[in-house]
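Okay, so here's the structure we're looking at.
In this note's numbering, the protein residues as written are 23 to 344.
Right under this line is the structure:
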């Protein structure tokens with residue numbers, strides 16, 4: 023049984039409604055409802071009765087809530103005991119992040135590390151994935167998060183999540199592609215694109231997808247900066263392809279438009295990458311574990327929309343290249 027589902031159920035039960043619990047958990051309400059239904063299906067009986075003012079517990083629900091809260095307390099105690107028993111970690115550890123992932127992950131990660139490990143100094147560096155690879159190879163950072171990593175000897179790569187990539191255009195743009203919220207990859211053909219240069223990983227993934235579906239790309243400009251690319255798209259100089267989360271703030275402010283790419287989707291994989299020689303270093307190893315734990319809570323919520331976790335069993339990487 024998934025302890026996260028029990029936690030979601032306990033939050034709904036305590037809040038008395040799905041909407042309040044979804045707001046507290048920062049997860050979309052339909053996703054929260056789906057998790058509770060999955061738990062009820064697993065148990066074979068309803069745990070909650072929905073009514074106009076919210077929810078109330080069934081007899082089984084009251085029993086499960088008590089057990090869920092006991093489990094929550096036990097898990098919290100285990101974490102507390104583990105922190106007290108391990109030697110204090112101190113020193114500086116460095117992390118390289120791509121811009122989009124950095125905006126979503128860096129604030130909660132820095133806050134958590136400062137609270138849990140007050141004697142660790144977290145050094146954060148922002149860069150595109152190809153640059154983060156270089157920093158790791160040159161030992162300028164200890165840990166990296168990169169999109170669409172190509173396995174290389176001497177590095178450990180752990181795929182963490184997949185994000186849907188979207189077509190990004192100027193605000194209220196319907197002139198070229200209409201008002202549909204979703205487009206096919208073939209609809210990209212002929213659109214003036216602003217993309218990073220090769221070997222940037224996003225460009226490589228797009229080129230591979232276009233080749234598979236015999237789509238000819240019209241690259242108008244090559245720009246190796248996400249911020250500059252979005253600025254150029256905003257004023258109507260072209261379109262770009264980015265992850266769903268990369269532009270959520272600009273879309274919410276009405277500065278950019280976003281259309282999902284479907285049939286088939288183009289997916290970006292975010293992976294944790296470390297040098298094999300770094301795996302024995304306690305600070306880097308602990309930072310990697312904290313990142314994985316934090317992403318489990320963020321993935322698929324309103325904080326990180328369009329992302330799905332990759333189960334460990336599916337996280338195998340392709341054959342390494344030298």
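Think of the CB as a built atom: it goes at the ideal place given N, C-alpha and C, for glycine as much as any other residue.
With 16 other Cβ atoms within 10 Å as the buried cut-off, status of residue i
i	result
residue 73	exposed
residue 275	exposed
residue 343	Because the pLDDT at residue 343 is just 47, under 50, the model does not fix this residue reliably, and the point stays unresolved.
residue 32	buried
residue 62	buried
residue 25	exposed
residue 64	exposed
Bridge-paired residues (DSSP) for residue i
i	result
residue 165	117, 296
residue 284	206
residue 188	264, 282
Residue i (DSSP reduced to helix, strand or coil)
i	result
residue 339	Low confidence applies to residue 339: its pLDDT is 48, below 50, so where it sits in the model is not reliable enough to give any reading.
residue 124	helix
residue 142	strand
residue 271	helix
residue 89	helix
residue 344	Per-residue confidence for residue 344 stands at a pLDDT of 47, beneath the threshold of 50, marking its modelled position as unreliable; the derived number appears in the next sentence. Residue 344 falls in the coil class under three-state DSSP.
residue 266	helix
residue 216	strand
residue 251	helix
Nearest-angstrom Cα separation, counted from residue j out to residue i
i	j	result
residue 80	residue 68	7 Å
residue 325	residue 49	8 Å
residue 27	residue 102	22 Å
residue 273	residue 141	39 Å
residue 341	residue 229	Confidence at residue 341 is low in this model, with a pLDDT of 43, below 50, so its placement is unreliable and the value that follows should be read with caution. Cα to Cα, residue 341 sits roughly 21 Å from residue 229.
residue 54	residue 97	21 Å
residue 135	residue 177	24 Å
residue 339	residue 160	Residue placement at residue 339 cannot be trusted, given a pLDDT of 48 that sits under 50; what the coordinates show is reported in the next sentence. So the alpha carbons of these two residues sit roughly 23 Å apart.
residue 143	residue 132	9 Å
Review point. Does the count of Cβ pairs from the segment 284-291 and the segment 77-91 closer than 8 Å reach three?
Key: Cβ pair count under 8 Å is below three, so no.
Check your understanding: Are there three or more Cβ pairs, one per stretch, closer than 8 Å when the segment 251-263 is compared with the segment 147-165?
Key -> Judged by pairs of C-beta atoms under 8 Å, the segment 251-263 does not touch the segment 147-165, as fewer than three such pairs exist.
Point to revise | the segment 238-245 touching the segment 305-320, judged by at least three CB pairs closer than 8 Å | key: Too few Cβ pairs lie closer than 8 Å, so no.
Check your understanding: Is the segment 151-168 in contact with the segment 112-120, if contact means three or more CB pairs nearer than 8 Å?
Key -> yes
Check your understanding: Would you call the segment 292-307 and the segment 218-225 touching, i.e. three or more CB-CB distances under 8 Å?
Key -> no
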